[in-house]
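The structure under discussion appears below in the form of structure tokens.
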Amino acid sequence: MTSELVIKDLHATVDDGAKAVLKGVNLTIRQGEVHALMGPNGSGKSTLSNAIMGHPHYQVTSGDILLDGESILEMEPNERARLGLFLAFQYPVAVPGVSMANFLRTAVSNVRGYTDQPMVSDNNRPGMVGSNLMPMREFRNELLSKMDEFHVDRSFAKRYLNEGFSGGEKKRVEILQMAMLQPKIAIMDETDSGLDIDALRVVSDGVNKLAGPGLGILLITHYQRILNYVQPDFVHVFFDGRIVISGGAELAHELEAKGYQWVKDEFGEAELVKA
Ligand SMILES: Nc1ncnc2c1ncn2[C@@H]1O[C@H](COP(=O)(O)OP(=O)(O)OP(=O)(O)O)[C@@H](O)[C@H]1O
Ligand SMILES: [Mg+2]
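To convert, note that position 203 of the sequence shown is 1452 in this note's numbering; the numbers rise steadily by one, no gaps.
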């Protein structure tokens, strides 16, 4: 069965309800599809990603988010991850004290269901402290082979997550996380920002390697550039808390050429008339 994420007339607020940011978002993303989401700064794109993943600072006030017909609104972020949702953050946070390998082993174990199993000691040696994580050797082999495949230097496994990573390194590591977690639907929030030309290629190649019938992607971006490498099936324009225009890849070229003023003229005015 093809999985689908359905966002239905979603309204959400931030800042303890003080500010309405999402004002009726409708969007369906199926496995195998690449959707690009473009829109001016502050229009609510990252808020939409955070609402989908269940970030506690964002309150859904009406509408729904369904994965394969089931509402995920009441679920914790880790449950959403288990169902196959993944978010690559616009600004990944550093986690001092937690190595990338340990972080990923925990995340992968959660998503693959190891954390539901009874604790077993590594190698079944008496007296060893038990764990219910993916077995170390198996995890390590998979991690190292994916690090090689996605061009992340092996030394990063031991480094604290995102601490001191350059902008480009953070983005590569996020692709690696995606490769390890194998989500059904991935939201990539400005994965291309701050990348030099070679890094953009590496990251785009990574996205293309992962893309396919098993993965639906929502690619949030400001630039047509990445869409030269990652071909979108759909392009949506986000403005003032909702999607106002949808089209094919040509829409991204139009935005690049014309900017957002015409969107503001068309949809900003309508809002004023309504108000
Ligand atoms: N935690 C928060 N507290 C207060 N305001 C917030 C919070 N998160 C988002 N906002 C506000 O919500 C609005 C939408 O922000 P959001 O980050 O979703 O925009 P965006 O479309 O991702 O912008 P950009 O293209 O610059 O990344 C902004 O006005 C922002 O200041
Ligand atoms: Mg943003």
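In this text, a Cβ means the ideal position worked out from N, Cα and C, and glycines have one as well.
Straight-line Cα distance separating residue j from residue i
| i | j | result |
| --- | --- | --- |
| R1421 | D1514 | 37 Å |
| P1384 | F1405 | 20 Å |
| G1465 | V1512 | 27 Å |
| S1311 | D1402 | 44 Å |
| P1481 | P1367 | 43 Å |
| L1392 | A1435 | 19 Å |
| A1498 | F1483 | 6 Å |
| V1274 | V1357 | 30 Å |
| K1268 | T1296 | 12 Å |
| D1317 | P1341 | 28 Å |
| I1261 | V1309 | With the sequence shown as reference, residue 1261 is identified as Ala, and Ile is not the correct amino acid for it. If you take the alpha carbons of A1261 and V1309, they lie about 4 Å apart. |
| Y1363 | K1458 | 26 Å |
| E1439 | N1359 | 26 Å |
Bridge partners - residue i, DSSP secondary structure assignment
| i | result |
| --- | --- |
| L1259 | V1274 |
| H1485 | L1286 and S1495 |
| R1279 | E1253 |
| F1335 | A1435 |
| S1298 | Bridge partners of S1298: none, in fact. |
| I1424 | Answer is none; I1424 lacks a bridge partner. |
| K1268 | V1263 |
| D1313 | K1257 |
Environment of residue i [buried if 16+ CB atoms lie within 10 Å]
| i | result |
| --- | --- |
| A1343 | exposed |
| T1251 | exposed |
| K1507 | exposed |
| I1446 | exposed |
| G1333 | buried |
| S1394 | exposed |
| S1320 | exposed |
| P1462 | exposed |
Member of the options whose CA lies at the smallest distance from the CA of residue i
| i | options | result |
| --- | --- | --- |
| Q1426 | L1353, E1418, N1359 and N1390 | L1353 |
| S1202 | L1467, E1412, G1416 and V1493 | Past the edges of the chain, shown from 1250 to 1524, lies residue 1202, and the structure says nothing about it. |
| R1361 | E1328, A1337 and F1338 | E1328 |
| E1282 | G1455, L1254, E1398 and D1265 | L1254 |
| L1467 | I1301, D1258, R1331 and K1257 | I1301 |
| V1456 | E1398, A1501, I1494 and F1487 | E1398 |
Quick check on the contact list: which residues have their beta carbon closer than 5 Å to a heavy atom of ligand 1? With 5 Å as the limit, the residues whose C-beta approaches any heavy atom of ligand 1 more closely are V1263, D1264, V1270, N1290, G1291, S1292, G1293, K1294, S1295, T1296 and H1306, in sequence along the chain.
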